[in-house]
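The structure appears right after this line, and notes come after that.
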Amino acid sequence: MTIFLVLIVLGYHKTWRSIMDRSVSFWMMVPIGFLELIFGMRVRVSGDEIDYHEPALIIMNHRTR
């Protein structure tokens, strides 16, 4: 992820945002895929649709110990 920070410095903010959006989407889908494949669980995701043309902040609420 850090290797793409140079894109911001070079003025390619939209390209950087596109790469990061795809990376985060992939990172969120991998654990769900494993849960469905290995344990046979069904996962339901709910929430508001994210408009990719506007700035957004994703906040995930989960417990940590």
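Under this note's numbering, the first residue of the sequence shown is numbered 634, with each subsequent residue one higher.
All residues carry an ideal CB built from backbone N, CA and C; glycine is no exception.
| query | result |
| --- | --- |
| May I ask you to report which of helix, strand or coil DSSP gives Asp654? | helix |
| Can you give me the C-alpha to C-alpha distance between Ile671 and Leu643, rounded to a whole angstrom? | 43 Å |
| So, with DSSP's three-state summary, where would you put Ile665? | helix |
| In this structure, how does DSSP classify Ile671 when only helix, strand and coil are distinguished? | helix |
| By the DSSP assignment, the alpha helix (DSSP H) with Ile683 in it spans what residues? | Looking at the DSSP string, Ile683 is not in any alpha helix (DSSP H), and its letter there is neither H nor E. |
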